[in-house]
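Numbering (the numbering used here), first residue to last: 11 to 652.
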Amino acid sequence: YLNWMPLLAILLGVLVWVARRPALPTALPILFLWACNRLVSGWLNRAPAAARNQTSRKNVAFLRNTALRTWRYFAEYSTAEHNWLIPDNVQEQPAAIAARVSPTNVGFLLNARQVACEFGYLTMPEFAERTLRTLATIEKLQMHRGHILNWYDTRTLQPLAPLFVSSVDSGNLLASFWTLQQGCMDRLKQPILQPCLAEGFVDYLRILSEARAFPRKLLLTCERQRNTDTWLQSILGLPETLFHQTREAIAQSKHASQVQWFAEEAELRLRSIQQTVSEYAPWSSPEFAALRDDVIINLKMMDSIALQQLPQFIGELIRQIEEFPNSPDQGQDALYGRLRDRLLNAKSNTERLIAEIRTIANVAGKLADGMDFELLLNTRRKLVSVGFDVETHVLHPACYDLLATESRTAVFVAIAKEDIPQESWFLLGRAHTLDDGRPVLLSWTGTFFEYLMPSLWMRTYPNTLLERSRTAAVRSQQTYGARKGVPWGISESAYYKLDEAGNYQYYAFGLPHLALRTSETNALVISPYSTFLALNTDPVESVRNLHRMADMGWLGSHGFYEAADFSSAERKFWKSRPQLVRCWMAHHQGMSLLALANFLNDNVVQKWFHAERRVQATELLLHEKPVAHVRRRDMPRRIAAA
Numbered sequence: 011y012l013n014w015m016p017l018l019a020i021l022l023g024v025l026v027w028v029a030r031r032p033a034l035p036t037a038l039p040i041l042f043l044w045a046c047n048r049l050v051s052g053w054l055n056r057a058p059a060a061a062r063n064q065t066s067r068k069n070v071a072f073l074r075n076t077a078l079r080t081w082r083y084f085a086e087y088s089t090a091e092h093n094w095l096i097p098d099n100v101q102e103q104p105a106a107i108a109a110r111v112s113p114t115n116v117g118f119l120l121n122a123r124q125v126a127c128e129f130g131y132l133t134m135p136e137f138a139e140r141t142l143r144t145l146a147t148i149e150k151l152q153m154h155r156g157h158i159l160n161w162y163d164t165r166t167l168q169p170l171a172p173l174f175v176s177s178v179d180s181g182n183l184l185a186s187f188w189t190l191q192q193g194c195m196d197r198l199k200q201p202i203l204q205p206c207l208a209e210g211f212v213d214y215l216r217i218l219s220e221a222r223a224f225p226r227k228l229l230l231t232c233e234r235q236r237n238t239d240t241w242l243q244s245i246l247g248l249p250e251t252l253f254h255q256t257r258e259a260i261a262q263s264k265h266a267s268q269v270q271w272f273a274e275e276a277e278l279r280l281r282s283i284q285q286t287v288s289e290y291a292p293w294s295s296p297e298f299a300a301l302r303d304d305v306i307i308n309l310k311m312m313d314s315i316a317l318q319q320l321p322q323f324i325g326e327l328i329r330q331i332e333e334f335p336n337s338p339d340q341g342q343d344a345l346y347g348r349l350r351d352r353l354l355n356a357k358s359n360t361e362r363l364i365a366e367i368r369t370i371a372n373v374a375g376k377l378a379d380g381m382d383f384e385l386l387l388n389t390r391r392k393l394v395s396v397g398f399d400v401e402t403h404v405l406h407p408a409c410y411d412l413l414a415t416e417s418r419t420a421v422f423v424a425i426a427k428e429d430i431p432q433e434s435w436f437l438l439g440r441a442h443t444l445d446d447g448r449p450v451l452l453s454w455t456g457t458f459f460e461y462l463m464p465s466l467w468m469r470t471y472p473n474t475l476l477e478r479s480r481t482a483a484v485r486s487q488q489t490y491g492a493r494k495g496v497p498w499g500i501s502e503s504a505y506y507k508l509d510e511a512g513n514y515q516y517y518a519f520g521l522p523h524l525a526l527r528t529s530e531t532n533a534l535v536i537s538p539y540s541t542f543l544a545l546n547t548d549p550v551e552s553v554r555n556l557h558r559m560a561d562m563g564w565l566g567s568h569g570f571y572e573a574a575d576f577s578s579a580e581r582k583f584w585k586s587r588p589q590l591v592r593c594w595m596a597h598h599q600g601m602s603l604l605a606l607a608n609f610l611n612d613n614v615v616q617k618w619f620h621a622e623r624r625v626q627a628t629e630l631l632l633h634e635k636p637v638a639h640v641r642r643r644d645m646p647r648r649i650a651a652a
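What follows is the structure in structure tokens.
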């Protein structure tokens, strides 16, 4: 009916003009609105969308600085030694590397590389090469009904006892697989060389400049050129001696160990961009600058061609060059000949790269489809169990039965796969409490992790139950931090207590008045990754909180440290000086990096995840509206698992 509205409006207009022509001026506005009925109804029925996050250039530079340092963890420690997986955590003091990996860690590693491409820290060929190595390792792991087990030794790939399938970890990994699959398909629709590579290169230069290892004036020049149409030519035109002065400055610096990696990576970024141009986009090479203004072959157009269409266009470009008549200028003919030879190589390279990216997408989809979540369903309670013991073949009797926990990712994806009934979502507890008059869902331990981690992948829509609780949880954390006189952000993390082997201990810290479980400790531990999770909820206060923590010395070589423990804080000049937990954990680093990508790049991780058709078919669950009235505290069934 709506499709015929414009035609009916035109017919009625003709009838008015024929039957009563003086009335036509009065009827036209009404007929116009009638003709636009479909557009208006479509606009009114659009899903509500949150406003795009905006912040100052200075804050963007600060956040990208932390993103680069956080990415360093995955870039530096995902090596052949660890079979291209990622160690669970790395301690700076005392020095130690935990050579084990969980499904959640694997998922964050895969998504971190996607995010690194968005930030310009990896080229597409580098992304494809590293991701294929990791996927090859994953396919070697011992699995159970498609599920990766809870822990493996990264060096031997042997599963660690007890052999257990964790529902939460499997849910996180499945979300990561779908995000990887759809992100790869999205990448095929984009040019192989994008301005984000210039942004990423400048991020390295900023850190070197702050360490006085790179000229400030040259940095400013690079910053100005990165947002222009000639960004690529500007990078390719940089002199080979660019980093000679940097090496000399680092060699004489007392902080050489802190900036050496960034200097080496900056040089690698430059070489990688140059190599990508040479092997995949030779028309952008300075060698052929004289041909870029030739309107017949139109080399400038090639810069915007999607990767998946590039072989076809390269083939057409080769044909055009071969059909050129001989020119009196032999030098020009030789230049066209060299370009043709390079294009033949580029066509082969792009076809191989496209095949590799499609292979990544196919393997990710295959691994995701193979994960059987029916195994993890407690059929009597119709809830997802904590996990499955592979050795005893027994399903854990405890179930996840709260909506405000990280387990809702697993429940959502399992429903999307049609492995468990949709009823399981509505059986999750929705008990509320009031905090300063704000209704908020109760969680198991009152951690940021529970309220905000699923939103790394899953969209949170305005005026919904989950959005209201997310906002209320952030406000509660901010109020609690202000009351204690410390930066806000409490979640599960390591804290300043070492075991006999020198490893930091771990605990699920949270706000007691938002938790069903009574805390066994009165410790006050602030984890910076919690603030990154809150970036999309309260950007202004989150950025301010991160600045505050950075000013307090919490930012290290691989991003913000794991936590700051105020439990036994020293007092100096009436200020608390916490004990820094000087380590980094893979899943917290991954959460921070993905949260930064969502904030700075228009929720790109969520866009990839929701591009999966099964997610689209299930996302109506996320639109649940809050009830009008809530009781002070409505106790649901407690989770039996700690």
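Ideal Cβ positions, reconstructed from N, Cα and C, are used throughout, including at glycine.
Since the model is a prediction, treat every value here as computed from it, not as a measurement.
- Between residue 424 and residue 191 the beta-carbon gap is near 17 Å, outside 8 Å, which marks them as no contact.
- Per DSSP, reduced to three states, the secondary structure at residue 87 is helical.
- Residue pairing from DSSP places residue 450 in a beta bridge opposite 443.
- Rounded to the nearest whole angstrom, the CA to CA distance from residue 459 to residue 489 is 18 Å.
- Contact fails between the region 509-517 and the region 444-451, because fewer than three Cβ pairs, one in each stretch, are under 8 Å apart.
- Every beta strand (DSSP E) of 3 residues or more that sits fully in the region 113-188 is shown, in chain order, as 174-176.
- Sixteen is the threshold: since fewer than 16 other Cβ atoms of the shown chains lie within 10 Å of the Cβ of residue 104, the residue is exposed.
- With a beta-carbon spacing of about 13 Å, residue 200 and residue 291 fall beyond the 8 Å limit used to define contacts.
- Contact between residue 486 and residue 540 is ruled out by a C-beta separation of about 12 Å, above the 8 Å threshold.
- Ranked by Cα distance from residue 175, the options 253, 365 and 394 are led by 394.
- By the CB criterion at 7 Å, residue 527 and residue 455 fall inside the cutoff.
- About 7 Å separates the beta carbon of residue 118 from that of residue 186, a gap short enough to meet the 8 Å contact definition.
- Beyond the five residues adjoining it in sequence on each side, residue 156 comes within less than 7 Å, by CB distance, of 380, 381 and 382 in the same chain, given in chain order.
- Looking at the DSSP output, residue 107 shares a beta bridge with 100.
- In this structure, DSSP gives residue 565 an extended state, which the three-state scheme calls strand.
- The region 588-599 makes contact with the region 114-132: 3 or more CB pairs, one atom from each, lie closer than 8 Å.
- The region 603-622 makes contact with the region 71-86, as at least three CB pairs between them are under 8 Å.
- Under DSSP, residue 239 forms no beta bridge with any residue.
- In this structure, residue 164 sits away from residue 225, with a CB-CB distance that is not shorter than 7 Å.
- Residue pairing by DSSP places residue 294 in no beta bridge whatsoever.
- Nearest to residue 536 by C-alpha distance, out of 568, 491, 509 and 560, is 491.
- DSSP places residue 253 in no alpha helix (DSSP H); its state is neither H nor E.
- When the Cα atoms are used, residue 411 and residue 386 turn out to be separated by approximately 13 Å.
- Taking C-beta separations shorter than 7 Å and ignoring five residues to either side along the sequence, the partners of residue 173 in its chain run 159, 400 and 401, following chain order.
- Inter-segment contact for the region 465-475 and the region 620-638 is present: three or more beta-carbon pairs are separated by less than 8 Å.
- If you check the CB distance, residue 467 and residue 619 come in under 7 Å.
- Distances from the CA of residue 260 to each of 286, 247 and 221 were compared; the closest alpha carbon is that of 221.
- Under the DSSP assignment, residue 508 falls outside any alpha helix (DSSP H), being part of the beta strand (DSSP E) whose first and last residues are 502-508.
- Burial state of residue 430 is buried, judged by a 10 Å Cβ sphere holding 16 or more other Cβ atoms.
- Of the other Cβ atoms in all chains shown, fewer than 16 fall within 10 Å of the Cβ of residue 358; this residue is therefore exposed.
- DSSP, reduced to helix, strand and coil, places residue 396 outside both helices and strands of the structure shown, so it counts as coil.
- Just measuring C-alpha positions, the residue of 45, 28, 19 and 78 sitting nearest residue 565 is 78.
- Distance from the CA of residue 195 to the CA of residue 376, rounded to the nearest whole angstrom, comes to 15 Å.
- When beta bridges are read from the DSSP output, residue 409 appears opposite 395.
- In the structure shown, residue 587 falls within a strand segment according to DSSP collapsed to helix, strand and coil.
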